[in-house]
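Q: Residue numbers (this note's numbering), protein chains in the order written: chain A, 1 to 84; chain B, 85 to 307.
Where a beta carbon is used, it is the ideal one built from N, C-alpha and C, also for glycine.
These figures come from a predicted structure and were not determined experimentally.
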Amino acid sequence: MNCHEVRQVVFLVTDNEAGQEVVISFRQHLETCSECARQAQYLQRLLTLVRQRCCRVSAPAHLRLRILATVRRDGTDQDFQEGL
Amino acid sequence: MLASSRWVYRAEAMDAPVMPVLAGPPFEDAAMPYLDALYNTAYRMSRNAEDAEDLIQETYLKAYKNYDKFEPGTNLKAWLFKIMKNTFINGYRKKQQTPPQSDFADIEGAFENQLSDEAGGRIKNPEDEFLENVLDEDVQQALDALPQDYRMVVLLADIEGFSYKEIAEILEIPQGTVMSRLYRGRRLLEDAMLQYAEEHGYLRDGAPTKMRSRGAGRRSTGE
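Have a look at this one:
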């Protein structure tokens, strides 16, 4: 694999979407080419940064309760009506 | 308000098909673990808590009513995200009166070139300093500023960790489109973060990103 081919697949490899053979030739190239290695490392760091720094927002408790009340209602309502 | 919404859901629940008892785990057990992931994506897409809550409540109600159509053993998380995507597109996106998204056809056409020349070129000159100094707010702001179609793909891939194939299924678009939107979205994200970094003065040279990329050859040691 040459530098051009490495650039074609750098996203695929980083995203774990490349086949094993591609990954092996990709890594072999990186061992001998510091420029491609730096690029791949930069991409990896950039994506890790986005993943880590993007604060995850949890669903509010009242939403969870409201949804649970909705999806549980089916059975509980029937029981309730039969009980009457 | 509570009373009226209660009646709506009761009425809808009565129309709902009877749940197959032995088809798989009960809806609640199977679907509730994905609530935070769905909410986080909904929040990032709608950019406000109220819309995100409505969107997720509607998503869960639809999923519950259609749970008999879900094939046990297939990807429930992706199925739930697909319902959310459709709900978002049909309702909340219109509500937000977003201008039409850019036409992706031209991007698809230039895909190969972009990947080799631009996307590759973008990362030609790593800015370690830049990465270390990026603020959480910069990442959030850059993500929020992405056009919706790109933001959705970036969120699904880089935050939720879905594969290209799963994203293609969720968004009902070809895998090639997923890839081009993802790569372009990441480039836009990087652009925005670099811009914020420049504004905050993290970068020593204020040169525009593209010039830095072009100057990648300057790593020669003869100076």
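1. Whose C-alpha, out of Asp152(B), Arg270(B) and Asp222(B), is nearest the C-alpha of Met236(B)?
2. I need the straight-line Cα distance from Ala281(B) to Leu239(B), nearest angstrom please.
3. Quick check on Glu250(B): buried or exposed, where buried means 16 or more other Cβ atoms within 10 Å of its Cβ?
4. If Leu266(B) and Ala226(B) are in contact, beta carbons under 8 Å, what's the gap, nearest whole angstrom?
5. Which residues mark the beginning and the end of the alpha helix (DSSP H) in which Gly269(B) is found?
6. If the cut is a Cβ gap below 8 Å, which residues of chain A does Ser264(B) touch?
7. Between the segment 126-142 of chain B and the segment 42-60 of chain A, can you find at least three pairs of beta-carbon atoms closer than 8 Å?
8. Since Ile254(B) contacts Lys153(B) with CB under 8 Å, what's their CB separation in whole angstroms?
9. DSSP state of Asp242(B), grouped into three classes?
10. Mapping DSSP to helix, strand and coil, what is Ala37(A)?
11. Restricting to runs no shorter than 4 residues, where is the alpha helix (DSSP H) found entirely within the segment 128-181 of chain B?
12. Ends of the alpha helix (DSSP H) at Asp220(B)?
13. Using beta-carbon positions only, say whether Ala40(A) and Val9(A) come within less than 7 Å of one another.
14. Between the alpha carbons of Val71(A) and Arg38(A), how many angstroms are there, rounded?
A: Put simply:
1. Within the second sequence, residue 236(B) is the residue found at index 152, counting from 1. It is Arg270(B).
2. On the second sequence, position 197 is the one that residue 281(B) refers to. On the second sequence, position 155 is the one that residue 239(B) refers to. Near 22 Å, if we compare the C-alpha coordinates of Leu239(B) and Ala281(B).
3. Position 166 of the second sequence, counting from 1, holds the residue named residue 250(B). Glu250(B) should be labelled buried.
4. For the purposes of this step, residue 266(B) is taken as residue 182 along the second sequence, with counting starting at 1. For the purposes of this step, residue 226(B) is taken as residue 142 along the second sequence, with counting starting at 1. Contact flag wrong, Cβ pair sits at about 15 Å.
5. Translated into positions along the second sequence, residue 269(B) becomes position 185. Counting along the chain, the alpha helix (DSSP H) containing Gly269(B) begins and ends at Gln259 to His284.
6. Residue numbering aside, residue 264(B) sits at position 180 when the second sequence is read from its first letter. In chain order: nothing, as chain A lies at least about 10 Å away.
7. Verdict: yes, contact present.
8. Taking the first residue of the second sequence as 1, we reach residue 254(B) at position 170. Taking the first residue of the second sequence as 1, we reach residue 153(B) at position 69. Actually they are not in contact, since the Cβ atoms of Ile254(B) and Lys153(B) sit about 16 Å apart, beyond 8 Å.
9. Position 158 of the second sequence, counted from the first residue, corresponds to residue 242(B). It is helical.
10. As a first step, residue 37(A) is located in the first sequence; it is residue number 37 there, counting from the start. In the three-state reduction of the DSSP assignment, Ala37(A) falls in the helix class.
11. The qualifying runs are 133-149 and 160-171.
12. Here residue 220(B) is taken as the residue at index 136 of the second sequence, counted from 1. Where Asp220(B) is concerned, the enclosing alpha helix (DSSP H) stretches over Asp220 to Ala229.
13. Along the first sequence, one-based indexing puts residue 40(A) at 40. Along the first sequence, one-based indexing puts residue 9(A) at 9. No.
14. By one-based count along the first sequence, residue 71(A) stands at place 71. By one-based count along the first sequence, residue 38(A) stands at place 38. Val71(A) and Arg38(A) have their C-alpha atoms some 51 Å from each other.
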